[in-house]
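Heads up: the protein sequence lines correspond to chains P and G, in order. Using the working numbering, read the first sequence as starting at 21 and increasing by one per residue. Using the working numbering, read the second sequence as starting at 12 and increasing by one per residue. Ideal Cβ positions, reconstructed from N, Cα and C, are used throughout, including at glycine. Note that the coordinates shown come from a computational prediction; the quantities given were computed from them, not determined experimentally. Working notes, beginning with the structure itself.
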Amino acid sequence: MTDDPIRLTVNGTGHSIAAAADTPLLYILRNDLELNGPKYGCGLGECGACTVIVDGVAARSCVLPLSACAGRSITTLEGLGSRERPDPLQAAFVKHQAAQCGYCLNGMIMTAKALLLRNPHPSEQEIKQALRYNLCRCGTHVEILAAVMTAAGHHIARDHATGDAADATH
Amino acid sequence: MRRTDAADPDKMESSGAGSLSIIRSTPNDDAGAGAGFEIYIAIDANGQVFAYNGHVDLGTGIRTALTQIVAEELDVALDRVTMVLGDTTKTPNQGPTIASETIQITAVPLRNAAAKARHYLLARAAEQLDQPLDSLSIEDGLIRAQNNHSVSYAELVAGNTVRLELRDDVTLKDVNSYKLVGRAIPRLEIPAMTTGEMIYVHDVRVPGMLHGRVVRPPYAGVDAGDFVGTSLIAVDESSVADIPGLIAVVRIGDFVGVVTDREENAIRAAAQLKVTWKPTPTLPDLKDIATALRANPSTPRVLRDTGGVDDALANAATPMPRTYVWPYHIHGSIGPSCSVADYSDDGLRVWTGSQNPHNLRADLAKLMALPEARIDVIRLEAAGCYGRNGADDVSADAALLSRAVGRPVRVQLTREQEHAWDPKGTGQLMEVNGGLDANGEPAAYDFATRYPSNAAPTLALLLTGAVPPVAATLQMGDRTAIPPYDYQAMRIVAHDMAPIVRASWFRGVSALPNTFAHESYIDELATEANVDPVEYRLRYLKDERAAKLVRDVAERAKWEPRPTWTPKDADGDVVRGRGFAYAVYVHGPFPGKAAAWSAWVADVAVNKATGDVAVTHVTVGQDSGLVINPDGVRHQIHGNVIQSTSRALMEEVTFEPSAVASREWGGYPIITFPEVPTIDVVIVERQDQPPLGVGESASVPSAAAIANAIFDATGVRFRELPFTPDRIRAGLLAAEQKTKSASPLKKRGLLAGLATFCTAVVGLIVAASPWRPAIAPIAPPDVATYSAATIARGAQLAALGDCAVCHTAEGGIVNAGGRALETPFGTVIATNITPDVETGIGAWSYPAFERAMRQGIHRDGRHLYPAFPYNHFAKTSEADLQALYAYLMAQPAVRQTNPETRLPFPLNLRPLLAGWNLLFHSPAAFAADPTKSEVWNRGAYLVEGLGHCGACHTPRNALGAEKASLKLAGGTAEGWTAPPLTSLSHAPIPWSEQELFTYLRSGISQFHGVAAGPMAPVVKELTALPDSDIRAMATYLASFTSNAPSHAAQQAMAVRLETVTSAKPLEASQQGARIYDGACAVCHEPGGPQWFGSRPSLALNSNLHGASPDNLARVIVEGITKPVNGELGAMPGFADSLNDQQLTELIRYLRTRFAPDKPAWNGIDTALRAARGVAR
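Printed below as a string of structure tokens:
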């Protein structure tokens, strides 16, 4: 069955997508729009590598059907900024060298961006909670946290592990 | 197969513009094109430097570090150097990128080559400028004499093609003059990573590229045994015939793949493809790793035997035999492996994320029977791999699929495939016999280690039979097997053994587990000897660099001597402790080479009640010799600390009888932000010493430091990983000599009502007037006689009646029928109700339609099965039936013949239904209740009539009729429980009229959950109805519940329920808790992050509180992929990601935690079987 084309806006540009309505948004972004920011990580919404912002709110594009995006405005990593004109959050990631393999980075940045959109000055605990379901395997958490803290207006010296001790009682 | 670009040294040379190359001649060149040499440095006529290294950047930043080394040695700016890594047509073959050896080993010839080029260029400049060589200086490739005359590298290179042989005795620059090496140069790739401009192998697109997926055999994660490659029975290609854009189904031995035009189609095809496999043998029980490894055949290899161990043991004053167990681990790349292959007459080109492009090329040559020279392996960055993951496997998969279709194919492994088939970091068993002598000195150290792992042959070679599935035994268990301490009597034995499941190197290889044993054991010795563990180590640590590191780290951490264990002050249930461990990571074939030295002080907090261990802070020191890039080293240390803490605390692969069970992050949790310790890094300055590998060293002391800290906190030794809450709690309880008998789960027998049904069905043979006349066909009515308003009203009524829900096949044309409806009596196929004359209802007159709706009789006189709810439709008013008829007849006619419904005997005898109707059906129209309000009556008409709510929500008797006395008291629908809509409701918060309205209108009630399963399309259809009708339905339905609470009261109940259930109950399934945390909590944990879509609160969810787990099982297995509307978001199904054992534990956990006042469910297994039965 060919579904009716679905209209959506991605990074400010309108698109009409003719694809099965239950296609996860991730594949539309990557294959039809050739946006490499959002990454496939698990297809289950567990790891966050595919995160995009839909109408101002973070969304896991690997489990979001195209049909749910009709008429919505989607921002991907590419839509935040470019190497020449990065978003302050992207610049903070560069400043803190907050990447090893970088595969999870899309999710980290987009999830943090969505947090900053609704709360421009989150505390360290709020940032950790917001990112707790974004998985990083390289162990870049220290640098990522420092980058988001910087973008949130905290003064963070480069390369100092930050944060309160995790608590066994939580 | 060559590509030409600026970095191609051949092109540089053949252009005639001039170039300088530093090469090493190879005796037997098998790279194909060109002469027998490998190139390390090439400088072109523009002064651009190209540097070639056979290793690859695994996300560690070696591209930047190598660039620094080359730029430093050549005295050029960083941006003048292009590093070419792991490209089989260009770079030297320097083996796989393993053992932290890029900087320590493979960078050595590169540095020498750069130095050689520098010397040559200086000599040429001295000639040209006619100045003494030692008077020249270089700045960014410009050689300047003291008379201020200068000449650039570009000028020196231009016009001459020069090749110089690399020599190892070249003089290098003095470290003291370094300007670039030793500086924190930002990594070159990071800006592009932050903007999506970085091209990973996952992002490769080539013209004409297709999408492939592979279907792996059921022996997931097992790669040896004669069933490997020989288990496929059949592939049913017809099972994917309906997939759009299907190009090919490929099978070679046990290799199965699909190729389609679009990626989502490949995903569907792979999921849908019916493949039958032979049963596969069971694995040894890997829950008990020690027993399994002892039983695995092995060959002892004595690595050291000094000082008369047997005598020393016999004379030990305090014998201390100890056993340490390491679990199986997954590499856990965040991006499952991906590759693009393009096979053509010219050969094979593969874009890969491989850790070892040259080895991969050899594998591909074997697999495809192609000479290596015709294979071009291009390495791109990929998700971090930390060892051997699926990168090579998927490259071979892509090659096979591309060859099958003659076009480029991109293959993406699924999360489940990467988890299951990734060559595991193996379980390992370390046994130590030893003890103390009378003076508290170590009496002896008799160490045996078992490491069942090898190089994990590339999967396609095994699946296609290109190499036999025989497990090789490699000698890799010996890494850091020799303890760093000067034990007088020492026997070290590696029991070399083949893998039990597919296993290969993972960061720290066998050294990490071996060190877990060494460093736990010396701590145990110190405790037994009543000596501070740091001091005790220093007594036997003869390596001065090591001793300095140990002292520095202890000092930095403000280590206070702790010679005797004393109970710690508890803060509530929490006790704190700290532990020390040290290692120098010795890698490579025995006796191996040492990489950086590392030492840890770990601080932990242990909750004695829950067993939770938090690593709160780690002080980690490292002596890496010359530091090329301090940022790079520091970040590697952070990464090692965090990853190895994760491995020690929570990671453990679980197994099914014949395969790996951990297939996603819920079943295999890794560390998250709130769990990450703070880290204090101590780098010991050694700029005068050669650089050492830093990629793994800081992982090596981790597990022992944490175990020693847990001991310090609790007084209990833990010798088996991971330190999960259940293990810690059990260990603490055992230590307190308490026993707690777990109450075994009672299993109830499977109750099938089938027998009852069969008996009852016989009663059906009480036929009344079984034969009904046909009503003559008509020519389709002229729809112009119906007003647009009537047709529009008919559309609403059709939506209310959910006509399209049942009469539309999955992905089919609306109302054209073909949908298979599962009923307790068999599968009923919905018919075509479009106005097609031959295959639909085009020839039906209104009287025929009305008779069907009111009496359940087909136009031709056949009885319709009551899956068609004519018992409800009969209540519809004449005017409404007319409108519905008008609407249906006004729709496009679709010619579609559907399969006949064939129920088993005796249900296939339709005349029997006459008796059924006699007993259970009243064709009377709806009659209003004058004692009730108009709105109530309107609601009753909608609910009881076309809305046919009772068809699902009223229980049925043995003959499938709704029980009139139990109206809306709860029934079933397509295997789902349709909950009671009366005061029998299980919902923790009673339904109110307002919540019913909200739910029916939007598909979600904050106090109950979202519409899922068959209810989702119902709510979707109801969007056609005006608010007034939805309100009327809510009014009528609410009248079944007495005393509905106010909104404020509901709100208060919700808060209370969420508070009561906010903590993980101790008695709940720990495995279930872990799966919930990894797979569910992201969307369902109250107070969690905000996401697009709904976040149904499980504490309030009716399904969690229901009498049976059916709906919960269905939702988890199938997901909610078609929500009522986009606002609600969607939920993925976990059918392919979690097995029944995992799902059972998850469901048990959810029930215990979120419905604490409800009894545990029986029949979870039955519910799961049912859910899986319909899911696929």
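C-beta neighbour in chain G for residue i, strict 7 angstroms
i, result
"residue 34 of chain P", "no"
"residue 173 of chain P", "no"
"residue 98 of chain P", "yes"
"residue 53 of chain P", "no"
"residue 124 of chain P", "yes"
"residue 114 of chain P", "yes"
"residue 188 of chain P", "A caution first: residue 188 of chain P carries a pLDDT of 30, below 50, which makes its placement in the model unreliable, though a value can still be read off. At least one chain G Cβ lies under 7 angstroms of residue 188 of chain P."
"residue 103 of chain P", "yes"
Distance between beta carbons of residue j and residue i, contact taken as under 8 angstroms
i, j, result
"residue 172 of chain P", "residue 142 of chain P", "5 angstroms"
"residue 3 of chain G", "residue 747 of chain G", "For residue 3 of chain G there is no data in the structure shown, the boundaries of chain G being 12 and 1187."
"residue 902 of chain G", "residue 826 of chain G", "7 angstroms"
"residue 438 of chain G", "residue 337 of chain G", "6 angstroms"
"residue 82 of chain P", "residue 46 of chain P", "5 angstroms"
"residue 671 of chain G", "residue 431 of chain G", "4 angstroms"
"residue 473 of chain G", "residue 234 of chain G", "6 angstroms"
"residue 1119 of chain G", "residue 704 of chain G", "In fact, because the Cβ distance is near 57 angstroms, the residues do not count as touching under 8 angstroms."
"residue 677 of chain G", "residue 1090 of chain G", "3 angstroms"
"residue 85 of chain G", "residue 136 of chain G", "No, residue 85 of chain G and residue 136 of chain G are not in contact; Cβ-Cβ is about 13 angstroms, not under 8 angstroms."
Any C-beta of chain P under 7 angstroms from that of residue i
i, result
"residue 779 of chain G", "At residue 779 of chain G, the pLDDT of 47 sits below 50, so the modelled position is not reliable; the number obtained from the coordinates is stated separately. Not an interface residue."
"residue 403 of chain G", "no"
"residue 654 of chain G", "yes"
"residue 1100 of chain G", "yes"
"residue 1180 of chain G", "no"
"residue 25 of chain G", "no"
"residue 676 of chain G", "yes"
"residue 772 of chain G", "Legend: pLDDT at residue 772 of chain G = 41, less than 50; position of this residue unreliable, value from coordinates given subsequently. No, residue 772 of chain G lies away from the interface with chain P (no Cβ there is under 7 angstroms from its Cβ)."
"residue 345 of chain G", "yes"
"residue 274 of chain G", "yes"
Chain-order list of residues whose beta-carbon lies under 6 angstroms from that of residue i (same chain, five-residue window excluded)
i, result
"residue 319 of chain G", "500"
"residue 421 of chain G", "220, 222 and 351"
"residue 912 of chain G", "839 and 840"
Cut-off 7 angstroms between Cβ atoms - residues of its own chain near residue i, not counting five sequence neighbours on either side
i, result
"residue 410 of chain G", "352, 354, 359, 361, 375, 378 and 379"
"residue 105 of chain P", "none"
"residue 754 of chain G", "Reliability fails at residue 754 of chain G, whose pLDDT of 38 lies under 50, so the model's placement of it is uncertain and the value that follows must be treated cautiously. Counting only Cβ-Cβ distances below 7 angstroms, and skipping sequence neighbours, we find nothing."
"residue 758 of chain G", "With a pLDDT of 34 at residue 758 of chain G, under the threshold of 50, the predicted position of this residue should be treated as unreliable, and no value is reported."
"residue 170 of chain G", "29"
"residue 115 of chain G", "606, 702, 703 and 704"
"residue 273 of chain G", "222 and 256"
"residue 762 of chain G", "Caution is warranted here: a pLDDT of 29 is assigned to residue 762 of chain G, below 50, making its placement in the model unreliable, and the coordinate value is therefore given only provisionally. Taken in chain order, the list of residues that qualify is empty."
Residues near residue i by beta carbon distance below 8 angstroms, same chain, minus five either side
i, result
"residue 276 of chain G", "222, 254, 255, 256 and 257"
Practice task
Using a Cβ-Cβ cut-off of less than 9 angstroms, give me the residues of the segment 129-148 of chain P that come near chain G, in sequence order.
Solution key: 129, 131, 134, 135, 138, 145, 147 and 148
Practice task
Would you list, in sequence order, the uninterrupted alpha helix (DSSP H) runs of no fewer than 4 residues that lie entirely inside the segment 907-987 of chain G?
Solution key: 923-931, 945-955 and 961-964
Problem - Under 9 angstroms (Cβ pairs) to chain P, residues found in the segment 212-232 of chain G - result: 213, 214, 216 and 222
Problem - Under 7 angstroms (Cβ pairs) to chain P, residues found in the segment 678-691 of chain G - result: 681, 683, 684, 685, 686, 687, 688, 689, 690 and 691
Problem - Against chain P: residues of the segment 194-205 of chain G by CB proximity under 8 angstroms - result: 197, 198, 200, 201, 202, 203, 204 and 205
Problem - Residues in the segment 1048-1066 of chain G having any Cβ partner in chain B nearer than 8 angstroms - result: No chain B is present in this structure, whose protein chains are P and G.
Problem - Every unbroken alpha helix (DSSP H) inside the segment 1012-1060 of chain G [4 residues or more] - result: 1026-1033 and 1038-1049
Exercise for the section: Could I get the ranges of all uninterrupted alpha helix (DSSP H) runs contained in the segment 156-221 of chain G, with 4 residues as the minimum, in chain order? Expected result: 164-168 and 201-206
Handout entry: Residues of the segment 149-166 of chain P whose Cβ lies closer than 9 angstroms to any Cβ of chain G, in chain order
Key = 149, 150, 151, 152, 153, 154, 155, 156, 157, 158, 159, 160, 161, 162, 163, 164 and 165
Problem - Entirely enclosed alpha helix (DSSP H) segments - the segment 682-751 of chain G, minimum 4 residues - result: 713-725 and 736-746
Handout entry: Those runs of the alpha helix (DSSP H) which lie wholly inside the segment 275-306 of chain G and span at least 4 residues
Key = 300-306
Handout entry: Short-range partners of chain G found in the segment 83-96 of chain P, where Cβ spacing is below 8 angstroms
Key = 83, 84, 85, 87, 88, 89, 90, 92 and 96
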